[in-house]
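Enquirer: My questions will all concern the structure given below.
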Amino acid sequence: NNLQELKEIWDQWDDETKKLFYCDNGDLPYLLNVKVDKYLFRALAQYWNPTYSCFTFGKVDLVPTVEECTTLLRCPRIQADKAYSRAASIPTILNKLMSITGMSEKEKGRRLRFEYLRVGYIPQSTMAHR
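Under full-length UniProt numbering, the first residue of the sequence shown is numbered 1, with each subsequent residue one higher.
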């Protein structure tokens, strides 16, 4: 749809209809007023890696670090230096990640890999399995 058409449709709705839309879709209507820098958008699209859902520059991927993930997920008890061990809070983080992404228990083993929660090289062997 054309952005102008969407704005016109939005302007025709009464407050009650807009409230219902907000309840179902959150703050999505605010995007109607966001100005997009088309050159920046092209640059972002160029470096977006849909396989890993992150930005990739050469062999370096930009994904949240363990510390950033613990902050975003509000799991402060995890120790960054022990994130790759079986700490007691790992299941909590996995459950939160699963609920955010809508992932099933069956998909968990295939998709959630903590090695992708840090900035670093994407292992060639991992890329070959994807």
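We treat Cβ as the ideally placed atom computed from N, Cα and C, and that holds for glycine. Fair warning: this is a prediction, and the values are worked out from it, not measured in the lab.
Just the C-alpha distance for A43 and S53, rounded to the nearest angstrom, thanks.
Expert: Looking at the two C-alpha atoms, the distance is approximately 16 Å.
Enquirer: Report yes if the C-beta distance between L32 and K7 is below 8 Å; otherwise report no.
Expert: Contact: yes.
Enquirer: Can you look up T56 in the DSSP assignment and give me helix, strand or coil?
Expert: Reduced to three states, the DSSP call for T56 is strand.
Enquirer: Could you check the C-alpha separation between L62 and P50 for me, to the nearest Å?
Expert: C-alpha separation (whole angstroms): 12 Å.
Enquirer: Assign N2 to one of three DSSP states: helix, strand, or coil.
Expert: Correct three-state label for N2: coil.
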